Amino acid sequence: MRGHVQPAGGKLLAEMYGLRAAYMRSVFAEPGQLAVSIEGFGVWLNVPSTAAPDYKVVAVRPWGGHTVIDMEVWGRG
16 MRGHVQPAGG
26 KLLAEMYGLR
36 AAYMRSVFAE
46 PGQLAVSIEG
56 FGVWLNVPST
66 AAPDYKVVAV
76 RPWGGHTVID
86 MEVWGRG
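The opening position of the sequence shown corresponds to residue 16 in this note's numbering, with each subsequent residue numbered one higher.
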């Protein structure tokens, strides 16, 4: 999948996740990247694919022409 990863932030995420937002990342995926919901799946963001996933998908939502994927450090939620 291709997308832009950044620290999760903003008023909406702070209201949704509270202090958990400090341990989260958001991915702005290019249009057409997702055909199914991937909530609960593991993501290998900062570790090799041979390691255990380091993030978990907690939400997938449309935003403009993109899909926003909210991820939390594995084991925090």
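Ideal Cβ positions, reconstructed from N, Cα and C, are used throughout, including at glycine.
All figures in this text were calculated on a predicted structure; none of them were measured in a lab.
In the three-state DSSP reduction, Met-31 falls in the helix class (H, G or I). In the three-state scheme derived from DSSP, where H, G and I count as helix and E and B as strand, Ala-74 is classed as strand. Beta-bridge analysis with DSSP links Val-83 to Phe-43, Arg-76.
Counting every other CB atom within 10 Å of its CB across the protein chains shown gives Arg-17 a total below 16, marking it as exposed. Counting other Cβ atoms within 10 Å of its Cβ, Glu-54 stays below 16 and is therefore classed as exposed.
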